[in-house]
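A.B. asks:
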Amino acid sequence: MPFTQAEIEEERVHFANVIATFQQYAPYALNANNRRRKDIYIIPIEDRELLESIGYKDRISATDQAIMANAEFLNQLIANPEIFGHDMDEEEDQEPEVDGEKSPEHVEDGRQRSHGHSHSHTHDHGHGSHTHSHDTPHGGPMSKSTGRDRKRRYKPTEHDMDKLRSTLKQLVRDWSVEGKAERDACYEPMKEALLQHFSDIPEQERGNFRVLVPGAGLGRLAWDVAKLGFACQGNEFSHYMLLASFYMLNRTHEIEKHTIYPYVHSFSNIATNEGLLRGIRIPDVLPSSLPPNSDFSLVAGDFEEIYGSEEADDSEPQAGQWDAVLTCFFIDTSKNIVNYLRIIHRILAPGGVWINLGPLLWHWENNTSNDPSVELTLEEVKALARKIGFEISNERTIDTTYTNNAQSMLGYVYHAAFWTATKVV
42 MPFTQAEIEE ERVHFANVIA TFQQYAPYAL NANNRRRKDI YIIPIEDREL LESIGYKDRI
102 SATDQAIMAN AEFLNQLIAN PEIFGHDMDE EEDQEPEVDG EKSPEHVEDG RQRSHGHSHS
162 HTHDHGHGSH THSHDTPHGG PMSKSTGRDR KRRYKPTEHD MDKLRSTLKQ LVRDWSVEGK
222 AERDACYEPM KEALLQHFSD IPEQERGNFR VLVPGAGLGR LAWDVAKLGF ACQGNEFSHY
282 MLLASFYMLN RTHEIEKHTI YPYVHSFSNI ATNEGLLRGI RIPDVLPSSL PPNSDFSLVA
342 GDFEEIYGSE EADDSEPQAG QWDAVLTCFF IDTSKNIVNY LRIIHRILAP GGVWINLGPL
402 LWHWENNTSN DPSVELTLEE VKALARKIGF EISNERTIDT TYTNNAQSML GYVYHAAFWT
462 ATKVV
């Protein structure tokens, strides 16, 4: 079913708002940091002098420099937004004001194959503010713009900026040496289970087996699976993630090419200046180093719309066409977990394997957008999977963090559920 003109316009506006959020990162973050600078001059002068003597004011200035470095990197990610098929208005190029101080390209647009319109939610399990992440469709009423309103520059919300800050932390998790601990905890067991399931397949024949990674984020797990020799497709909905993953996979040609500062946005629970201001170099591997003739892609769009349609699509058949589905910190992003599991079961070939790792932080719980939210216990999820037609094995609990600052005084540890499930009916 083709999109209506209204849906196309809504999508264009949403994407333009995401671009505006990237563009306004620097003034937004600098204004927040400048509040700290102003607060120094509110307290008694003797207190201010004491703070200056221990370097607090210098740390605020150093944070400004880190923010500007982040902004320079983020501007590179949106240098060519037309890669996603959107024509950007001229007003998007305007510079925002600061209040206070003066290879093959691995992203395809799956929306062309989707049926119905996408709903915006973020696959974010980070806990900077320990909140759920869910939106009304495409930013809700604030994102509507027609005629005269379109000329007004979009003003990003704190929620918009939180998603952008989360993207910086995701870059650490997926594409840095520092993120290796989290990747080893989450991705390695999944890759080991995949290799175990196909242990009778010669390595040179792995390319005949198709692996899907929904909620692929910045693409590292899908990239790792392709590195093993499997035909692998990642699927991601968030424009924030898609812009960053496209740049990392297609525009980054040198190991540790970029330095970002993902932890400068909060001064809380910081033990040392390094915990706040240290730069993280990315990527830790060369994204273009996949073996020749690798079959690797990322598809942009909503998982349920792209892979859940009952209608046949000759260009990309889904039902029974995937040999493995890997879900990492993904299934709790569903509004209706029954539909997620039904889709996974339907698209798997007979005997195909579903490998899962993650918690149950139901992303739509207590949402304010009147969207449905089915929130099961872990035992109920597994009972549901068995009723749908999976045989679950290799169950265990894996303790892991998610986009954690390793030098913070605070960290959330998930007791993530891991299992291998085979399609039996």
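Numbering (this note's numbering), first residue to last: 42 to 466. Note that the Cβ used here is the ideal one computed from N, Cα and C, for glycine as well. Everything numeric in this text was worked out from a predicted model, so none of it was measured.
Measuring CB atoms only, is the region 302 to 318 touching the region 264 to 273, in the sense that at least three cross pairs come out at less than 8 Å?
C.D. replies: With a cut-off of 8 Å, the region 264 to 273 and the region 302 to 318 do not count as touching, because too few Cβ pairs lie within range.
A.B. asks: So THR418 is in the alpha helix (DSSP H); what residue range does that whole segment cover?
C.D. replies: On the sequence shown, position 377 is the one that residue 418 refers to. Per DSSP, THR418 belongs to no alpha helix (DSSP H) and is neither H nor E.
A.B. asks: Starting from the C-beta of GLY320, find all residues in its chain whose C-beta is less than 6 Å away, skip the five residues before and the five after it, and write them out in chain order.
C.D. replies: The count along the sequence shown starts at 1 and reaches residue 320 at position 279. Taken in chain order, the residues that qualify are THR300 and TYR302.
A.B. asks: For TYR228, which residues from the same chain have a beta carbon less than 8 Å from its beta carbon, with the 5 sequence-adjacent residues on both sides left out?
C.D. replies: What you label residue 228 is simply residue 187 of the sequence shown in a count that begins at 1. Excluding sequence neighbours, TYR228 sits near ARG261, LEU262, ASP265 and CYS369.
A.B. asks: Below 7 Å CB to CB, which residues in the same chain sit around THR187 once its five sequence neighbours on both sides are set aside?
C.D. replies: Your numbering for residue 187 matches position 146 in the sequence shown. Its pLDDT being 45, under 50, THR187 is placed unreliably by the model, and nothing is read from it.
A.B. asks: Going by DSSP in three states, PRO391 sits in which element: helix, strand or coil?
C.D. replies: Against the sequence shown, residue 391 aligns to sequence position 350. Reduced to three states, the DSSP call for PRO391 is strand.
A.B. asks: For GLN274, write down the residues that DSSP places opposite it in a beta bridge.
C.D. replies: As a position in the sequence shown, residue 274 is number 233, starting the count at 1. According to DSSP, GLN274 bridges with LEU253 and SER338.
A.B. asks: In whole angstroms, what is the alpha-carbon distance linking ASN314 and ARG100?
C.D. replies: Locating residue 314 in the sequence shown gives position 273, where the first residue counts as 1. Locating residue 100 in the sequence shown gives position 59, where the first residue counts as 1. Roughly 7 Å between the two C-alpha positions.
A.B. asks: Does DSSP put LEU467 in a helix, a strand or coil?
C.D. replies: Missing from the structure shown is residue 467; the chain here goes from 42 to 466 and no further.
A.B. asks: Considering only residues of the same chain and omitting the five flanking positions on each side of GLN117, which have a CB-CB separation below 7 Å?
C.D. replies: Here residue 117 is taken as the residue at index 76 of the sequence shown, counted from 1. Answer for GLN117: TYR288, listed in chain order.
A.B. asks: Apart from the five residues on each side of it in sequence, which residues of its chain come closer than 6 Å, Cβ to Cβ, to ILE323?
C.D. replies: Taking the sequence shown and counting its residues from 1, one reaches residue 323 at position 282. Contacts found: LEU212, TRP216, SER217 and HIS299.
A.B. asks: When the Cα of ALA458 is compared with those of ALA447, ASP440, VAL465 and LYS464, which residue comes out closest?
C.D. replies: Residue numbering aside, residue 458 sits at position 417 when the sequence shown is read from its first letter. Comparing Cα positions, the closest option is ASP440.
A.B. asks: Given a threshold of 16 other Cβ atoms within 10 Å of its Cβ, counted over all protein chains shown, does THR45 qualify as buried or as exposed?
C.D. replies: Indexing the sequence shown from 1 puts residue 45 at position 4. It is exposed - the Cβ of THR45 has fewer than 16 other Cβ atoms within 10 Å.
A.B. asks: Excluding the 5 residues preceding and the 5 following LEU327 in the sequence, name in chain order all residues of the same chain whose CB lies nearer than 7 Å to its CB.
C.D. replies: By 1-based counting over the sequence shown, the position of residue 327 is 286. ILE296.
A.B. asks: So what does LYS464 bridge to, in DSSP terms?
C.D. replies: Here residue 464 refers to the residue found at position 423 of the sequence shown. In DSSP, LYS464 forms a bridge with PHE431.
A.B. asks: If you run the structure through DSSP and keep just helix, strand and coil, what is LEU367?
C.D. replies: By one-based count along the sequence shown, residue 367 stands at place 326. Here LEU367 sits in strand by DSSP.
A.B. asks: By alpha-carbon positions, which one of GLU421, LEU451 and TRP395 ends up nearest to HIS231?
C.D. replies: Taking the sequence shown and counting its residues from 1, one reaches residue 231 at position 190. The displayed chain sequence assigns Met, not His, to residue 231. Per the Cα distances, TRP395.
A.B. asks: Roughly how far, in whole angstroms, is the beta-carbon of ILE108 from the beta-carbon of ALA70, given that I think they are within contact range, below 8 Å?
C.D. replies: The residue you call residue 108 lines up with position 67 of the sequence shown. The residue you call residue 70 lines up with position 29 of the sequence shown. Their Cβ separation, rounded to whole angstroms, is 5 Å, which keeps ILE108 and ALA70 in contact under 8 Å.
A.B. asks: Who are the Cβ neighbours of ARG77 in its own chain at under 7 Å, not counting the five residues just before and after it?
C.D. replies: Looking up residue 77 in the sequence shown gives position 36. Cβ within range, chain order: ILE101.
A.B. asks: Could you pull the start and end residues of the alpha helix (DSSP H) that HIS299 belongs to?
C.D. replies: Taking the first residue of the sequence shown as position 1, residue 299 is located at position 258. Taken as a continuous stretch (DSSP letters only), HIS299 belongs to no alpha helix (DSSP H), being part of the beta strand (DSSP E) at 299 to 301.
A.B. asks: For ALA360 and ILE388, which I take to be in contact (beta-carbon distance under 8 Å), what is that distance rounded to the nearest angstrom?
C.D. replies: As a working mapping, residue 360 is identified with position 319 in the sequence shown. As a working mapping, residue 388 is identified with position 347 in the sequence shown. Their Cβ separation, rounded to whole angstroms, is 6 Å, which keeps ALA360 and ILE388 in contact under 8 Å.
A.B. asks: Please classify ASN310 as buried or exposed, where buried requires at least 16 neighbouring CB atoms within 10 angstroms.
C.D. replies: The count along the sequence shown starts at 1 and reaches residue 310 at position 269. That one is exposed.
A.B. asks: Can you give me the start and stop residues for the alpha helix (DSSP H) that ILE86 sits inside?
C.D. replies: Here residue 86 corresponds to residue number 45 of the sequence shown, with the count starting at 1. Unbroken alpha helix (DSSP H) run through ILE86: 86 to 94.
A.B. asks: Indicate whether the contact test is met: 3 or more Cβ pairs, each with one atom in the region 232 to 252 and one in the region 193 to 204, closer than 8 Å.
C.D. replies: Verdict: no, contact absent.
A.B. asks: Should SER473 go down as buried or exposed, given a rule of 16 or more other Cβ atoms within 10 Å for buried?
C.D. replies: Lying before the first or after the last residue shown, residue 473 is absent from the chain, which here runs from 42 to 466.
A.B. asks: Within the same chain, show all residues whose beta-carbon is closer than 7 Å to that of ARG383, passing over the 5 residues directly before and after it, in chain order.
C.D. replies: Residue 383 sits at position 342 when you count from the first residue of the sequence shown. For ARG383, where only same-chain residues beyond five positions count, the Cβ hits under 7 Å are ILE429.
A.B. asks: Considering just the uninterrupted stretch of the beta strand (DSSP E) at ARG322, what are its terminal residues?
C.D. replies: To locate residue 322, count along the sequence shown from 1; it is residue 281. From DSSP, the beta strand (DSSP E) with ARG322 extends over 321 to 323.
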